[in-house]
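Right, one structure below, let's go through it.
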Ligand SMILES: Cc1cc2nc3c(=O)[nH]c(=O)nc-3n(C[C@H](O)[C@H](O)[C@H](O)COP(=O)(O)OP(=O)(O)OC[C@H]3O[C@@H](n4cnc5c(N)ncnc54)[C@H](O)[C@@H]3O)c2cc1C
Ligand code: SF4
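Numbering (the numbering used here), first residue to last: 103 to 648.
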């Protein structure tokens, strides 16, 4: 398997463009700037984990967890799953060359147009037609599709049956997965999905259309240099207008800092995700960079939850078998094969999207223990005896649900650590609506709704999201947002006009999305990044073909 990352020795003192982070925003940006002939460096804090190296056993999975709270930290800073324990809400994001795409379910849905009609978006997003072009490009590069055999999957059938009894329609879900062997837009041959269900632990087949298999190899092929184990701390502007990027180089095991360093660039694109980009801008502000007062506000969890049903009558098969398969002759399906959309034409905020999900195979041994605190001791013991694929855990239902929230979370930098405050998070009305729908679906299958099996652990009763959005939200002007519709960072220097930007400084990732989307965000983040690149090219007389 071809590796993309270069050795730290190859890092130069100056680049035309430095891209910080390598998820959807970073991947698109690096590819497009490199295609436009710019000398690009991508700085990613995580490791390069290639196909075949994702965790398949629980001890490996445990080593891929980094958990950070206000008063505690554990695990390597380069571990694949970055869990932030918050007082009001927990957040989980991916970490590695490819960002969240390495460990996500790949669900690629486009939001309802009413989302973009919200005045919270800058008017240009609705008016210049480039958002549609962004989605077209995202479509051709991420190649989302529904599994042609989705409706045969047991987990799909069980959602369909429960939904039907309640009068709801289940539809197949578009995921960024190759269901047939193909050569992708970056020229990489991807094998067909084996329907092993391990997408959220990392695809060991190479069938998930991650950023590491699409935009990043394309960036490299066009000359971009990619570096891992580099954690950017903040940026400053030199007197000549160049940007200076300050970072820490992490040790190979990700557990310590080897040395600090700095490089310069004409363009800096922060694409470190909602948490990373907000944190870098907050630190940059402490170093004197004048920014909008809106920095850190409008955090949305995208009304996202993961929940379970215990004791369903039918077999569900919602635990991955991995690759190589831990069980012969069973197909699970991609992490999501089907979903139910609960539409509300009158009130967008009431819409819900409930997806049947799969837990990765490496989690299997931990499941009986996870479910102990909720009193299902007997079932857990039976599973220990029969194994999770045949005991009560074969009947475990997993749901990923997405909806709308009020985007009222606020980030702060406390003791140099990003913290999230959202005292009303668990009382957001969407949780009640989701609980009602999920309870009905689970009971229809003969099971019991388990909102949070982790409640008895360090996670407590706070909600958790894997879809953090906002913190550097877009706006028409500085008083409304941190960046404009192109991702350019507003200049907060007193006396500057309301729309003036810091030339050459961008945020292009989930952080710029100013509200919940009501569907999974990767497709929108990719489209907004493609759109931002079209604007950047037009503004600076660059051109590139894709
Ligand atoms: C388990 C899971 C399942 C999900 N399923 C779906 C799904 O099915 N569909 C969907 O649409 N979304 C899903 N998501 C969410 C989706 O993956 C994210 O919304 C998306 O990855 C965000 O893209 P991004 O470009 O904003 O940043 P990210 O993809 O988060 O990438 C940011 C990168 O920046 C790096 N970084 C952070 N700080 C620094 C720093 N200081 N210096 C250098 N690098 C830094 C990070 O390590 C990371 O690699 C899921 C997420 C998880 C965790
Ligand atoms: S189901 Fe398995 S093979 Fe298919 S994309 Fe997910 S992890 Fe890869």
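No residue lacks a Cβ here, since even glycine has one placed at the ideal position from N, Cα and C.
About 7 Å separates the Cβ atoms of residue 393 and residue 591, confirming a contact at the 8 Å cut-off.
When Cβ pairs closer than 8 Å are counted between the two stretches, the region 122 to 141 is seen to touch the region 184 to 202, the count reaching three or more.
Closest option to residue 364, judged by alpha-carbon separation, among 339, 379, 358 and 377: 339. Taking C-alpha positions only, residue 243 is separated from residue 597 by approximately 42 Å. Per DSSP, residue 561 is not a residue of any alpha helix (DSSP H), being assigned neither H nor E. For residue 272, DSSP records a beta bridge to 442.
In the structure shown, residue 130 falls within a helical segment according to DSSP collapsed to helix, strand and coil. The beta-carbon separation of residue 457 and residue 275, rounded to 6 Å, stays under the 8 Å limit for a contact. DSSP places residue 339 in the uninterrupted beta strand (DSSP E) bounded by 332 to 339. The beta carbons of residue 137 and residue 648 sit about 7 Å from each other, so the pair counts as a contact at 8 Å.
For the pair residue 391 and residue 595, the Cα-to-Cα distance works out to about 8 Å. The residues 157, 303, 464 and 465, in chain order, have a CB closer than 7 Å to that of residue 163 in the same chain once the five nearest residues on each side in sequence are set aside. Every alpha helix (DSSP H) of 4 residues or more that sits fully in the region 160 to 189 is shown, in chain order, as 160 to 165. In the DSSP secondary-structure assignment, residue 284 is bridged to 292. Here residue 196 carries a strand assignment [DSSP, helix/strand/coil]. Nearest C-alpha to residue 351 among 641, 332, 646 and 455: 332.
Take the alpha-carbon of residue 117 and the one of residue 470: they are about 51 Å apart. Per DSSP, residue 490 lies in no beta strand (DSSP E) and is assigned neither H nor E. Here the region 489 to 505 makes contact with the region 407 to 419; the two share three or more CB pairs at distances below 8 Å. Spanning the alpha carbons of residue 512 and residue 430 requires a straight line of approximately 48 Å. For the pair residue 570 and residue 184, the Cα-to-Cα distance works out to about 12 Å. A straight-line Cα-Cα distance of about 31 Å links residue 575 and residue 460. Distance from the CA of residue 605 to the CA of residue 110, rounded to the nearest whole angstrom, comes to 28 Å. Rounded to whole angstroms, the gap between the alpha carbons of residue 297 and residue 255 is 9 Å. Annotation for residue 245: 311 place their beta carbon closer than 6 Å to its own, counting only its chain and skipping 5 residues before and after. Here residue 243 carries a helix assignment [DSSP, helix/strand/coil].
When secondary structure is reduced to three states using DSSP, residue 234 falls in the helix class. The beta-bridge partner set that DSSP reports for residue 459 consists of 500. Here residue 329 is buried: its Cβ has 16 or more other Cβ atoms, across all protein chains shown, within 10 Å.
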